[in-house]
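Report on one structure; see the data block that follows.
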Ligand code: ACM
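Numbering (the numbering used here), first residue to last: 54 to 599.
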């Protein structure tokens, strides 16, 4: 049993196995050199086998009896992310329509080698490494298989981000949505606005647990990525065929930026010089002023961002923008009048529409949370549908592209069990099975409309995940179920073989162990993963609460 996660389209088992030994070679054909470098690196760490480059294409094998080899090839005729892996008497051949396909095939090869292939040093240098004879044919269902990580509410140091890129790659996920700014911290260096990180990247203290909790952690929290850190993260992701989509959240979720540059706020409503980076959770009333100054400031931010991130899509947030300050602000009201807008929702549309045009003029595409539909969607904009399917359905019907990430299914900050010892106190219960039975394409869409569903994404908001152990606990094992939904062609939700998935998970947990992932065990949290009662209580009937 191969126990692949995510499961593959077709696996035909053979009999026998390919053995990798000190004499085995790895031949990376034209266009697959980067995958070859990656595979040689991870297998060298785990196995100690050098797998030198074959001198000639048919020199990939050792002597054919003790030391077979691995060959990577581009195969015209396969889709860019499609691959075929053949393990037989001549060795292991991984072919893909593009380097990405070969890379996903190499990930499958790693799974076939067993859990210890995920370690960073060999446990037993003398052991045998074998790949069963078989043929795997595989391709992804969706082209956007995303994970969003919020590094604003709790900062994840660079090494942790690189580790998450490795975890994504191991699950064949390919879009990293990097939530870099929010009320509680600004995390990316912008050279022309140094105070964004000098002031905006740290807060004096932090609300501990749910926003209604009476507890505070009375110590500064912060951190940011330098532009070189970002370049490294983007390059590391690219080596793993992952696109990094940065998010700069506007015009709401901007208190950290306003505290650094008070002129960005609604200065005719409140004294923005008294604001600091927010230390609590929820939705801040402090939103950007809809002024030319604000537009020019953020054009400057995005100019630097475009230099750092080559992705087609740039995320501009757009969610949960409270409009009270705009209602009270003579400046905002004058702008509404001057532009002939109906109301504050239309003002937000105008704001987002400005950046849609600005990004489009620079060859990029804007994506935002589904609130950007309110007041009219900018022409080329795509939507991250988070409040359910409705926003995504409306967007797809009007010809806009959509990433489905409804909070009812794939918000991995939500608790994964109703038990009193579940550590995360927010949201509704979303079990492993709930995530496994998530269907990204709602049945209401025609097939043409469904073509606008680029794919799906799981979101990790980190208000109650103060370190990587907490992030691991919330992400896993549910991210493995999500990856299968995003990659594999599963039947309709009710017909999905969850028991079969759990059987494969028994093997996958060993892989996660080797990777050092602090997942939630099937029997519930371990003693040190629990949280004290008052904060661990489910919130009856409460909406997801941040
Ligand atoms: C969101 O969860 N506010 C996008």
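Built from N, CA and C at the ideal position, the CB exists for glycine as well.
In the structure shown, the three-state DSSP call for residue 457 is strand. Residue selection by CB proximity (closer than 6 Å to any heavy atom of ligand 1) returns 372, 373, 422 and 439 in chain order.
The segment 296 to 361 contains, as complete alpha helix (DSSP H) runs of 4+ residues, the segments 308 to 313 and 345 to 361 (chain order).
Shown here for residue 123: same chain residues with a beta carbon closer than 6 Å to its own, the five before and five after excluded, namely 79 and 145 in chain order. Only residues of its own chain outside the window of five on either side were considered, and among them 56, 58, 530 and 533 have a CB closer than 8 Å to the CB of residue 561, listed in chain order. Buried is the label assigned to residue 250, since at least 16 other Cβ atoms lie within 10 Å of its Cβ. Judged by beta-carbon spacing, residue 341 lies beyond the 8 Å limit of residue 369, meaning their Cβ atoms are not closer than that value.
If you look at residue 582, you'll find it isn't in any alpha helix (DSSP H); DSSP assigns it neither H nor E. If you check the CB distance, residue 509 and residue 231 do not come in under 8 Å.
At the C-beta level, residue 358 and residue 301 come within 8 Å of one another. Classified as exposed, residue 390 has fewer than 16 neighbouring CB atoms from the shown chains inside 10 Å of its CB.
In its chain, beyond the 5 residues on either side, 437, 439, 510 and 512 have a beta carbon closer than 6 Å to the beta carbon of residue 458.
Under DSSP, residue 161 forms no beta bridge with any residue. DSSP, reduced to helix, strand and coil, places residue 137 within a strand of the structure shown. The beta carbon of residue 295 sits closer than 8 Å to those of 218, 221, 222, 226, 227, 228 and 229, all from its chain and outside the five residues before and after it, given in chain order. Scanning the segment 241 to 276 for uninterrupted alpha helix (DSSP H) segments of 4 residues or longer gives 248 to 251, listed from N- to C-terminal end. In the structure shown, residue 90 adopts helical secondary structure according to DSSP, grouped into three states. The alpha-carbon of residue 410 is positioned some 50 Å away from that of residue 187. Counted as a single uninterrupted DSSP element, the stretch harbouring residue 496 is not any alpha helix (DSSP H), since DSSP gives it neither H nor E.
For the pair residue 322 and residue 400, the Cα-to-Cα distance works out to about 17 Å.
Taking all protein chains in view, the Cβ of residue 454 is crowded by 16 or more other Cβ atoms within 10 Å, so the residue is classified as buried. The C-beta separation of residue 258 from residue 205 comes to about 16 Å, leaving the pair out of contact by the 8 Å criterion. When the five nearest sequence neighbours on each side are left out, no beta carbon in the same chain lies closer than 6 Å to the beta carbon of residue 288. DSSP, reduced to helix, strand and coil, places residue 535 within a helical segment of the structure shown. Residue 537 and residue 154 have their alpha carbons spaced roughly 16 Å apart. When DSSP reads this structure, residue 126 sits in a beta bridge with 148. Burial is judged here by how many other beta carbons sit within 10 angstroms of a residue's own beta carbon; residue 576 has fewer than 16 and is exposed. Under a 10 Å Cβ-count criterion, residue 346 is classified as exposed, with fewer than 16 other Cβ atoms of the shown protein chains found around its own Cβ. Residue 456 and residue 364 have their alpha carbons spaced roughly 15 Å apart. When the alpha-carbon of residue 235 is set against those of 516, 441, 429 and 135, the nearest one is in 516. Listed in chain order, the non-local C-beta contacts of residue 490 below 8 Å within the same chain comprise 546, 547, 549 and 551, local neighbours out to five positions each way being set aside.
The secondary-structure analysis by DSSP pairs residue 106 across a beta bridge with 79. In this structure, the CA atom of residue 173 is about 39 Å from the CA atom of residue 333. Check the Cα spacing between residue 299 and each of 200, 70, 170 and 381: the tightest is with 200. Counting of Cβ neighbours within 10 angstroms places residue 422 among the buried residues, the total reaching 16 or more.
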